[in-house]
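Engineer:
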Amino acid sequence: MENATSSWLESVLSASVRHTIFSVNSSVLLVLSLAGLPSNILNMAIFRKLGLDSSINISFFSLSAADFFCACIYAVLALIMMDMSGLIDIGVDLADIQFLLATVFVCISTFGSWVTTLISMERCYCVVAPVSVKQVCTRKSTIGLIVGMLLVQVAIIATNLYAVRIYMDRSPEGDRPRAVLDNAGTNGRLFVTLLFWGTSVPTLVCFGVIVLSTVFLAIALRQRSTWLQSLPGQRTGTIAVNRKLIMTVVAISVIYIACFVPSVAVGVLYFFIPALNPFQSEKRDLALAIGSFVRISQALSGVLNIFVYVRMNTRFRDCLKTLLCTLCAQLRVRVYQDERTS
Numbered sequence: 001m002e003n004a005t006s007s008w009l010e011s012v013l014s015a016s017v018r019h020t021i022f023s024v025n026s027s028v029l030l031v032l033s034l035a036g037l038p039s040n041i042l043n044m045a046i047f048r049k050l051g052l053d054s055s056i057n058i059s060f061f062s063l064s065a066a067d068f069f070c071a072c073i074y075a076v077l078a079l080i081m082m083d084m085s086g087l088i089d090i091g092v093d094l095a096d097i098q099f100l101l102a103t104v105f106v107c108i109s110t111f112g113s114w115v116t117t118l119i120s121m122e123r124c125y126c127v128v129a130p131v132s133v134k135q136v137c138t139r140k141s142t143i144g145l146i147v148g149m150l151l152v153q154v155a156i157i158a159t160n161l162y163a164v165r166i167y168m169d170r171s172p173e174g175d176r177p178r179a180v181l182d183n184a185g186t187n188g189r190l191f192v193t194l195l196f197w198g199t200s201v202p203t204l205v206c207f208g209v210i211v212l213s214t215v216f217l218a219i220a221l222r223q224r225s226t227w228l229q230s231l232p233g234q235r236t237g238t239i240a241v242n243r244k245l246i247m248t249v250v251a252i253s254v255i256y257i258a259c260f261v262p263s264v265a266v267g268v269l270y271f272f273i274p275a276l277n278p279f280q281s282e283k284r285d286l287a288l289a290i291g292s293f294v295r296i297s298q299a300l301s302g303v304l305n306i307f308v309y310v311r312m313n314t315r316f317r318d319c320l321k322t323l324l325c326t327l328c329a330q331l332r333v334r335v336y337q338d339e340r341t342s
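Each residue of the sequence shown is one higher than the one before, counting from 1 in the UniProt record's numbering.
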């Protein structure tokens, strides 16, 4: 059954179909990555300006940083795929480098899932125990949890980079040079086990926690608003701020869930159909074709978050306007000075 499924997929993904998939998906991925780079730079700059003295701002800043680095990888992968499909010619065959970047991407993506989980769990705890949330979800505890997961993912990346070797060879499809990824020194079983327990399992657990916490927050949102209004001395502004913060977390979580469903589905597919093992060289094109759809959905997640922040967070929106006005003013001054000197 597994071999039959694999053979069927390979027969469907003929050379022309793979070429079309790479051409279309690489173009879409490049657009999304180029949109994600400036948007996440703005996110990091604004949350830094708003202050990293609160745990929620630290988490949002870390999530934006993860999305930024993912966007960088998306851009490189998109260019490699465009070269493979013949849309552009970068002069070097870098097809093998995709598998090296894939490990880095998976680790950063796992880190982003972890941060999103921390954001969701903090809001859930705020709903359940609003009095003690500031004593539990402190700045130090948030930084410790974020840095801890970051170190785990960096260790996985470093292990992979240490074991592989890259050398230049002649491409079999032409005269241009080809970057060959030699992983002969890698213990395949050990590396797959490390990836499984270090990235796949945490990501799947985070995905499940985010789904449950999002459902909980969506149900509790209305009940909490009613409860706050019934308390004596509660200001309307405080209630609105708390409501918008929960709505922001729910929106970010919904975007995460919707955009990561393809990734989870592909992971489950690989788990139950070992014949589709993406680490086998003969399954390279099939793995790249399937992975191109996953990258697009995840790249979309990193682009959409800024719209949620602008819509839900008044301070973020005001800070963004101020920052953009300052950048425009500096640009006009620079253009004026260039015109005077020319």
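For each residue, glycine too, the CB sits at the ideal point set by N, CA and C.
What separation, rounded to the nearest whole angstrom, lies between the Cα atoms of residue 8 and residue 223?
Structural biologist: The residue given as residue 8 occupies position 8 in the sequence shown. The residue given as residue 223 occupies position 223 in the sequence shown. Below a pLDDT of 50, predicted positions are generally treated as unreliable, and residue 8, at 44, falls in that range; the measurement from the model is reported next regardless. Rounded to whole angstroms, residue 8 to residue 223 spans 51 Å at the Cα level.
Engineer: Under DSSP, the beta strand (DSSP E) around residue 92 begins and ends at which residues?
Structural biologist: Counting from one through the sequence shown, the residue named residue 92 turns up at place 92. Premise fails: residue 92 is in no beta strand (DSSP E) and is neither H nor E.
Engineer: Tell me the DSSP bridge mates of residue 165?
Structural biologist: Position 165 of the sequence shown, counted from the first residue, corresponds to residue 165. DSSP output for residue 165 lists 182 as bridge partner(s).
Engineer: Spatial neighbours of residue 35 within its chain, please: C-beta separation below 6 Å, excluding the five flanking residues on both sides.
Structural biologist: In the sequence shown, counting from the first residue as 1, residue 35 sits at position 35. Within the same chain, and ignoring the five residues on either side of residue 35 in sequence, the residues whose Cβ sits closer than 6 Å to its Cβ are 303.
Engineer: Going by alpha carbons, who is nearest to residue 219 out of 334, 127, 327, 292?
Structural biologist: Taking the sequence shown and counting its residues from 1, one reaches residue 219 at position 219. Of the candidates 334, 127, 327, 292, the residue whose Cα lies closest to the Cα of residue 219 is 127.
Engineer: Are the segment 136-143 and the segment 163-170 touching by the rule of at least three beta carbon pairs closer than 8 Å?
Structural biologist: no
Engineer: Pick out whichever of 158, 50, 61, 333 has its Cα sitting closest to the Cα of residue 119.
Structural biologist: To locate residue 119, count along the sequence shown from 1; it is residue 119. Among 158, 50, 61, 333, the Cα nearest to that of residue 119 belongs to 61.
Engineer: Who are residue 177's beta bridge partners in DSSP?
Structural biologist: Start at 1 with the first residue of the sequence shown, and residue 177 comes out as number 177. Paired residue(s): 170.
Engineer: Secondary structure at residue 313, three-state DSSP: helix, strand or coil?
Structural biologist: Residue 313 sits at position 313 when you count from the first residue of the sequence shown. It is coil, neither helix nor strand.
Engineer: Contact defined as beta carbons within less than 8 Å: I believe residue 91 pairs with residue 176. What is the distance between those atoms, to the nearest angstrom?
Structural biologist: Reading the sequence shown from its first residue, position 91 is the one you call residue 91. Reading the sequence shown from its first residue, position 176 is the one you call residue 176. 6 Å between Cβ atoms; contact.
Engineer: Helix, strand or coil for residue 148 per DSSP?
Structural biologist: One-based indexing of the sequence shown puts residue 148 at position 148. Correct three-state label for residue 148: helix.
Engineer: Could you tell me whether the Cβ of residue 325 comes closer than 8 Å to any Cβ of chain B?
Structural biologist: In summary, chain B is missing from the structure at hand, where a single protein chain is found.
Engineer: Sorted by chain position, which residues of the same chain lie with C-beta nearer than 7 Å to residue 251's C-beta, five sequence neighbours on each side aside?
Structural biologist: Along the sequence shown, read from residue 1 onward, the residue named residue 251 stands at position 251. Within the same chain, residue 251 has close Cβ partners 308, 312.
Engineer: Report yes if the C-beta distance between residue 33 and residue 66 is below 8 Å; otherwise report no.
Structural biologist: Within the sequence shown, residue 33 is the residue found at index 33, counting from 1. Within the sequence shown, residue 66 is the residue found at index 66, counting from 1. The answer is no: Cβ separation not under 8 Å.
Engineer: For my contact list, residue 296 and residue 29 are in at a C-beta cut-off of 8 Å; report their separation, rounded to the angstrom.
Structural biologist: Taking the sequence shown and counting its residues from 1, one reaches residue 296 at position 296. Taking the sequence shown and counting its residues from 1, one reaches residue 29 at position 29. Correct: roughly 6 Å between the Cβ atoms.
Engineer: Cutting at 7 Å between CB atoms, please list the residues of its own chain near residue 107, excluding the five before and the five after it.
Structural biologist: For the purposes of this step, residue 107 is identified with residue 107 of the sequence shown, where counting begins at 1. Within the same chain, residue 107 has close Cβ partners 153, 156, 157, 199.
Engineer: Note down the Cα distance separating residue 321 from residue 40, rounded to an integer number of angstroms.
Structural biologist: To locate residue 321, count along the sequence shown from 1; it is residue 321. To locate residue 40, count along the sequence shown from 1; it is residue 40. Between the C-alpha atoms of residue 321 and residue 40 there is a straight-line separation of about 15 Å.
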